[in-house]
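Under our numbering, the first residue of the sequence shown is numbered 259, with each subsequent residue one higher.
Think of the CB as a built atom: it goes at the ideal place given N, C-alpha and C, for glycine as much as any other residue.
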Amino acid sequence: MENTHLTELNEERLYTDGAITIEYDEVLWLTGPKAFDLFKKALVPTDDKGFMLVNDFLQSPSFPSVFGAGDCVTISSQPTLPKNGVYAIRQAPVLYKNLVSFLREEEGTLFTPQKRYLSILSIGNKKGFLLYGGQYITGKWTRSLKHFIDSKYIKSFQ
259 MENTHLTELN EERLYTDGAI TIEYDEVLWL TGPKAFDLFK KALVPTDDKG
309 FMLVNDFLQS PSFPSVFGAG DCVTISSQPT LPKNGVYAIR QAPVLYKNLV
359 SFLREEEGTL FTPQKRYLSI LSIGNKKGFL LYGGQYITGK WTRSLKHFID
409 SKYIKSFQ
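Given below as structure tokens:
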């Protein structure tokens, strides 16, 4: 449920400001990222939620020597792009190339996000919550898949 305010929660039900009552066995509370005041205080342009605005080169259009990536930025051409680790990891090599290109006074590389991505969240008891293309699955094998993917990624730096 998005853009819904919870007014009460007990061991069996939750209640919303829209007078909706939902019985549940378990609740997974996903609130999303929150911007800090850092960018506003530094007078760096932000979106309406306080995330730093960057162009497709992951660069501030107002301050060309300032770059950003991950869940602290909003890409102007992709304002609804989810702020998650998948995009942050994909942005990292582009950010590096663009920092080097900027210092060498060369043309940068555009960041182009993929349309679909796999997201897996550990939810305890060795279970995972897997989300792909709007579909989700929970279970122990999803947590094992997350561990495999994360371990392989970390080993790529060793």
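Closer than 8 Å to chain D by CB, Thr338
Looking for chain D here will not work: only one protein chain is present.
Inter-residue spacing [alpha-carbon to alpha-carbon] between Phe297 and Gln336:
Using only the alpha carbons, I get a separation of about 19 Å.
Going by the DSSP bridge assignment, what does Leu264 pair with across the sheet?
According to DSSP, Leu264 bridges with Thr274.
Ser380: which of Trp399, Ala300, Pro322, Thr338 sits nearest, CA to CA?
Of the candidates Trp399, Ala300, Pro322, Thr338, the residue whose Cα lies closest to the Cα of Ser380 is Trp399.
Going by DSSP, what residue range makes up the alpha helix (DSSP H) through Ser414?
Ser414 -> no alpha helix (DSSP H), and no H or E assigned at all.
How would you call Tyr394, buried or exposed, if buried means at least 16 neighbouring beta carbons within 10 angstroms?
Exposed: under 16 other Cβ atoms inside 10 Å.
Tyr394 (DSSP reduced to helix, strand or coil):
Strand at Tyr394.
What does a CB cutoff of less than 8 Å around Tyr322 pick up in its chain, not counting 5 residues either side in sequence?
Sequence inspection shows Pro at residue 322; the Tyr mentioned does not correspond to that position. Answer for Pro322: Phe360, listed in chain order.
Looking at the strands, I want to know which residues DSSP matches up with Phe387.
Per DSSP, the beta bridge partners of Phe387 are Leu379, Thr396.
Name the DSSP beta bridge partners of Gln336, please?
Note: Gln336 sits in a beta bridge opposite Ile333.
Is Ile407 buried or exposed, if buried means 16 or more other CB atoms sit within 10 Å of its CB?
With fewer than 16 Cβ atoms within 10 Å of its Cβ, Ile407 is classed as exposed.
Tell me the rounded alpha-carbon separation between Glu281 and Thr262.
Near 16 Å, if we compare the C-alpha coordinates of Thr262 and Glu281.
Pick helix, strand or coil for Val312, following the three-state DSSP scheme.
The DSSP-derived three-state label of Val312 is strand.
On the three-state DSSP scale, how would you describe Gln349?
It is helical.
Would a C-beta distance cut-off of 8 Å place Gly397 and Gly382 closer than the cut-off?
No, these two residues do not count as a Cβ contact at 8 Å.
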